[in-house]
Amino acid sequence: MSEKATMEKIVNLSKGRGIIYPGSDIYGGMGNTWDYGPVGVEIKNNIKKLWWKRFVQENPKTYGVDAAILMNSRVWDASGHTTSFSDPKMDCKCCKQRFRADVIIENHSKGQVNADNLSNEEMQEYIQQHHVCCPKCGNFDWTAIRQFNLMFETSRGTTDESQNKLYLRPETAQGEFVNFLNVQRTSRAKVPFGIAQIGKAFRNEITPGNFIFRTIEFEQMEHQWFCKEGDDQKFYEEYKQTALQFLLDLGIDKESLRFKDHDKLAHYAKAACDIQFKFPIGWQELNGIHNRTNYDLSRHQEYSGKSMLYMDPVTNEKYVPYVIEYSIGADRLMLAVLSHAYDEETLENGETRVVLRFIPAVAAYKVAVLPLQKNLSEKAREIYQRLSKEFMCDYDETGSIGKRYRRQDEIGTPFSLTVDFDTLETGKVTLRDRDTMQQQTLTVDEVIAYVNEKCKFN
Ligand code: GAP
1 MSEKATMEKI
11 VNLSKGRGII
21 YPGSDIYGGM
31 GNTWDYGPVG
41 VEIKNNIKKL
51 WWKRFVQENP
61 KTYGVDAAIL
71 MNSRVWDASG
81 HTTSFSDPKM
91 DCKCCKQRFR
101 ADVIIENHSK
111 GQVNADNLSN
121 EEMQEYIQQH
131 HVCCPKCGNF
141 DWTAIRQFNL
151 MFETSRGTTD
161 ESQNKLYLRP
171 ETAQGEFVNF
181 LNVQRTSRAK
191 VPFGIAQIGK
201 AFRNEITPGN
211 FIFRTIEFEQ
221 MEHQWFCKEG
231 DDQKFYEEYK
241 QTALQFLLDL
251 GIDKESLRFK
261 DHDKLAHYAK
271 AACDIQFKFP
281 IGWQELNGIH
291 NRTNYDLSRH
301 QEYSGKSMLY
311 MDPVTNEKYV
321 PYVIEYSIGA
331 DRLMLAVLSH
341 AYDEETLENG
351 ETRVVLRFIP
361 AVAAYKVAVL
371 PLQKNLSEKA
381 REIYQRLSKE
391 FMCDYDETGS
401 IGKRYRRQDE
411 IGTPFSLTVD
421 FDTLETGKVT
431 LRDRDTMQQQ
441 TLTVDEVIAY
451 VNEKCKFN
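Shown next, in the form of structure tokens:
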């Protein structure tokens with residue numbers, strides 16, 4: 001990651017250039033929510049499209065689904081979320097602010113203590129012994145630590161009698177598990193095979209979000225690989241590499257990524273690791289890869305009463321498949337891509353230009369069409385219409401050409417195309433490369449072929 005990328009710079013650039021705005025901005029915002037602007041929505045859609053291309057389109061054994069956000073509450077009993085999807089929280093009795101005890105301890109110990117491994121009593125003891133004060137008001141007057149469930153509750157029905165508690169899904173994974181048999185039968189899929197989904201998830205997070213790193217509403221891209229027990233560890237190792245390769249292909253360099261095995265495994269998990277990215281806030285989880293054994297399908301079998309047995313058509317063996325899960329947040333990946341791409345370059349004239357050095361496939365606009373003068377706009381608009389049938393383009397005729405180039409550099413547009421008076425005669429345009437600032441003269445057809453080639457993602 002560029003050392004120049006601080007969270008403050010990324011947030012300011014995002015707000016100023018239509019990438020991401022604070023949620024409910026005109027009402028003073030709402031904690032841990034963000035809205036994607038015209039540039040940001042394109043970048044995020046590209047990230048999701050590339051993920052889908054890699055994991056669904058190019059994988060004949062993976063099938064996509066789009067399951068409902070609201071699911072039967074029994075799903076969350078089966079998955080264990082109603083009883084154990086919680087964080088240890090405590091309130092400062094002076095300023096009434098609520099905190100996650102594990103985060104307070106990790107910050108206090110500067111990352112030396114991994115509070116995931118501590119019970120509530122042990123955390124309480126640590127806070128007492130080290131006299132850890134409230135990070136907001138500085139007082140030392142805490143409530144006891146209690147577990148708070150992270151799921152948002154809602155209800156259906158109009159009268160109290162008919163109230164029926166529902167949850168906004170805290171992960172997309174369960175929509176894949178409950179459709180295991182539907183997909184297997186309708187696609188005539190043979191184990192091993194995968195189910196993938198991209199969709200919103202919701203968590204009542206109270207920790208400072210650090211921009212889009214941790215939000216209460218976010219998108220997950222999750223992939224469950226159903227396999228036979230015995231093959232599970234082989235696939236687990238394979239998915240670690242596939243997940244890493246996807247990030248490398250998105251243009252993130254190896255030095256900004258590392259594997260981190262989980263110190264403490266969930267009781268059902270056989271193996272679990274994260275890929276961490278060096279965010280401006282330090283090394284943090286970007287995605288997870290888990291060997292979940294046959295826990296999920298077995299639990300749904302138990303709670304739904306429906307058999308989750310798969311019958312191998314060759315050996316006639318019957319078994320509940322194991323699952324290798326690969327899960328990544330689209331928003332968190334967007335933050336990784338943004339901070340990795342951020343660069344400040346000092347030019348020969350001493351000026352600094354800010355550039356988002358995305359791979360072209362990720363960039364919001366592939367080409368910006370810039371007429372050198374306003375009286376060239378008719379021709380420029382004609383070219384814009386033609387190019388925008390191929391890919392997303394921007395159009396800008398306001399301000400000096402230098403300023404227009406800088407604006408495009410700041411949102412990561414890989415190519416800027418200028419239309420000048422020669423274009424009227426020859427039909428040729430000038431294409432400037434964002435990174436090298438080199439220019440070449442091409443016909444519009446050549447531009448289309450060149451840009452399509454540069455935007456390939458294989
Ligand atoms: N189904 C497994 C699961 O949900 P997780 O580690 O809780 O596992 C997977 O979440 C990924 O989702 C994380 O690695 C992260 O990229 C993203 N994610 C989780 N919570 C998030 C939040 N509050 N805001 C943004 N992204 C989040």
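The sequence shown: position 124 = 124 (my numbering), numbered continuously.
Where is the CB? At the ideal position from N, CA and C, for every residue including glycine.
The three-state secondary structure of lysine 428, taken from DSSP, is strand. Beta-bridge annotation (DSSP): proline 135 is not paired with any residue. Collapsing the DSSP output to three states places tyrosine 239 in a helix. By the criterion of a C-beta distance shorter than 8 Å, lysine 318 is surrounded in its chain by Leu309, Tyr310, Met311 and Asp312, once the five residues flanking it on both sides are discounted. Secondary structure of proline 88 (DSSP, three-state): strand.
Between valine 451 and phenylalanine 415, the C-beta gap is smaller than 8 Å, which places the two residues in contact.
Residue pairing of alanine 341 in beta bridges, as defined by DSSP: absent, with no partner found.
Check the Cα spacing between glutamate 348 and each of Met437, His340 and Tyr303: the tightest is with Met437. Taking a 10 Å sphere around the C-beta of threonine 423, we find 16 or more other C-beta atoms and assign the residue as buried.
Between arginine 100 and isoleucine 47, the alpha-carbon positions lie close to 31 Å from each other. In this structure, DSSP gives tyrosine 310 an extended state, which the three-state scheme calls strand. Beyond the five residues adjoining it in sequence on each side, glycine 288 comes within less than 6 Å, by CB distance, of Asp274 and Ser327 in the same chain, given in chain order.
For methionine 71, there is no enclosing beta strand (DSSP E), since its DSSP letter is neither H nor E. A direct Cα-Cα distance of roughly 44 Å separates leucine 244 from asparagine 139. With a cutoff of 7 Å, serine 327 counts as near the ligand GAP, since its C-beta is closer than that to a heavy atom of the ligand.
Below 8 Å, too few C-beta pairs join the stretch 368–377 and the stretch 47–60 to call them touching: fewer than three.
Checking the 7 Å criterion, the Cβ of glutamine 220 is within range of a heavy atom belonging to the ligand GAP. Glycine 157 and serine 73 have their C-alpha atoms roughly 15 Å apart. Looking at the DSSP output, glycine 288 bridges to Asp274 and Ser327.
Considered as a whole, the stretch 13–84 harbours 38–52, 73–79 and 81–84 as its complete alpha helix (DSSP H) runs of no fewer than 4 residues, in chain order.
Its Cα nearest to that of isoleucine 448, the residue Val429 stands out among Val429, Leu376 and Asp435.
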